[in-house]
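K.L.:
Numbering of the sequence shown is given in this note's numbering, commencing with residue -8 and proceeding in unit increments.
Think of the CB as a built atom: it goes at the ideal place given N, C-alpha and C, for glycine as much as any other residue.
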Amino acid sequence: MSTAGAAHAQSSVTLFGILDGGILYTSNTGGHSSWQTLSGPLLAPRWGLRVVEDLGGGVSTVAHLENGFNQFTGASLQGGRLFGRQAWVGLTSKQYGTLSMGRQYSPLQDFIAPLLGSTTLTGSALHPLDNEGFLTYRTDNSVKYVSPVYAGLQAEAMYAFSNSTNFASNRSWSVGATYTKGNLQLATAYVHLDNPAVNKDTNGAIPSDSYFSYSTTPFLATASAVQEWAVGGRYTVGRANFGLLYTNTQFDNPATGSLFSGATGSGGGSGSVHFQNLEGSVRYDFAPDLIGSFSQAYTHATEGSASGNYWQTNVGVSYFLSKRTNLYVDAFYQKTSNNLHPWIMLTGAPSSTSTQIAAVFGLCHRF
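1) Tell me where the beta strand (DSSP E) around glutamine 347 begins and ends.
2) Going by DSSP in three states, glutamine 86 sits in which element: helix, strand or coil?
3) Given this structure, state the Cα-to-Cα distance separating serine 286 from glycine 224, to the nearest angstrom.
4) Using the three-state DSSP reduction, which class does glycine 258 fall into: helix, strand or coil?
5) My output table needs one value for phenylalanine 251: the three-state DSSP class, helix, strand or coil.
6) Are the CB atoms of glycine 70 and serine 343 within a distance shorter than 8 Å?
7) Determine the DSSP secondary structure at alanine 104, reduced to helix, strand or coil.
8) Among residues of its own chain, excluding the 5 on either side of asparagine 19, which ones have a beta-carbon nearer than 7 Å to its beta-carbon?
9) As a quick exercise: from Ile197, Gly195, Ser24, Gln95, pick the residue whose alpha carbon is nearest that of alanine 54.
10) Where valine 43 and arginine 37 are concerned, what is the direct C-alpha to C-alpha distance, given to the nearest angstrom?
11) Just to check my reading of the structure: leucine 184 and serine 163 have Cβ atoms closer than 8 Å, yes? What is that Cβ distance to the nearest angstrom?
12) Among Leu177, His118, Asn122, which has the Cα closest to the Cα of glycine 143?
13) Do the segment 128 to 136 and the segment 95 to 106 meet, that is, are 3 or more Cβ pairs less than 8 Å apart?
14) Starting from glycine 283, follow the beta strand (DSSP E) in both directions and report where the run begins and ends.
15) Starting from the Cα of methionine 336, find the closest Cα among Asn305, Gln62, Ser298 and give me that residue.
16) Quick one: what's got a C-beta closer than 8 Å to glycine 88's C-beta in the same chain, skipping five residues either side?
17) Here's a check: name, in chain order, each residue in its chain whose Cβ is nearer than 6 Å to the Cβ of arginine 357, leaving out the five neighbours to either side.
18) May I have the straight-line CA-CA distance separating glycine 258 from serine 296, to the nearest angstrom?
19) Does the pairing of the segment 28 to 37 with the segment 57 to 64 give three or more beta-carbon distances under 8 Å?
20) From the DSSP output, in three-state form, read off threonine 338 for me.
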C-alpha cells in the first residue's frame, strides 16, 4: 500500500512486510531431538512503513519504522518494542548522501550481511553464537552518514551515543565501504563498542535485546569492549553467484561464562574471547523459480588458553510460487572440537554432543 499527497507528487508512505514460518527438526537440543514450529527460518517476520517527502532541490526527508514479531504467537520481538527492528528519520540527497538518526543497523549489517552465505537462501544459518551479531544487533542513539555512490564506491560511518554522563559507557562507532563493478561486489566494515554491557548503562548504544545477552554465553554481556572487522565479496558468473567472507570478533575481559565445557577460560575479567570466521558460499539459479544454495563455514574460537573449532555446512533449495511467495527446504550440519558445544542458531539451544543436525521446511511471503 502506498499513499501520496497532491501537493507533493514525489512524497509517499509505503506499507511493507514479510510473513515466514516453518517446521524445524533438530537432532539434539540439550540431549533430545525435537520437532517445533519456527517463526522466520528464512526471513524474520516484520511489518513497517517507509516514508519519503520531497523537499525540492534534490533533497528528501526519509523515515523508516519497522516492527518485528513472532508469526506463531503474534508477540513483538526485540524486547517488546513497537518498532524494534528499525526506527529512524533523516535527510537524503543524490549529491550529498544520507544523514539519519535513530535505532539503526551499523555498516556491518548494511555492507557485510548481504555477503553472508545464509542471506543468499538459508536464512538464520549464522556463524556460531551469531558472534558478529548479524541476527539481533541494532544500535540505539545512533547518527549515521551514507555517502553517494562514486564510481561504484560507497562509504558509511556511524556513531552511537551512550546517553550517559560517562561518555564512554556503552557507546559505539563503526565505518564501512562497499565497491561494485559489473558482476563483482566487495565490502569491508569495522565496529567498535565501548563497555557494551547492558547492566552498566541500560540507556546506551547497545540495548538489552542485543546478542550480548545470550544466556548460554553470559560473558558476551560483560565484556569491557568489543571489536569486529569483516571483509568479503561476491561474484556472479552466469547462473552462479560465489561468495567469500572473513570476519573477526573479539570480546575483551568478559567477567563471566565459558565457551568450553570444564574450561576456566577468561571468565573473571581477564583475557578475551575471540572468534575468526571464514565462509565460502555459492547460489545457483536452476530456473527462474528454482534456486539452490550451499555454504561452508569454519570458525576458530579462543578463550584464555583454551581453543577449539566449529565446522558448519548449510544446504538449501527454494521454489517460488510467485515473485513474492516461495517454499523452501534447508538443512544444516555443525561439528565442534575441544569441548565446544555446537549450536546452529535457529535451533534455539546447543547440542549435548559434538554434532548437531537441523532441517526446516517453510513458506515465505513478502508484501
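P.N.:
Working from what's here:
1) 346 to 357
2) coil
3) 14 Å
4) Here the model assigns glycine 258 a pLDDT of 46, short of 50, so the residue's position is not dependable and the matter cannot be decided.
5) strand
6) Taking the C-beta atoms as reference points, glycine 70 is found no nearer than 8 Å to serine 343.
7) helix
8) Ser342, Ser343, Thr344, Gln347
9) Gln95
10) 20 Å
11) 5 Å
12) Leu177
13) Yes: at least three Cβ pairs fall under 8 Å.
14) 281 to 294
15) Asn305
16) Result list for glycine 88: Tyr136, Val137, Ser138, Pro139, in chain order.
17) Around arginine 357: Ile9, Arg315.
18) Since pLDDT at glycine 258 reaches only 46, below the 50 mark, its modelled position is unreliable, and the value read off the structure follows with that caveat. Roughly 12 Å between the two C-alpha positions.
19) yes
20) helix
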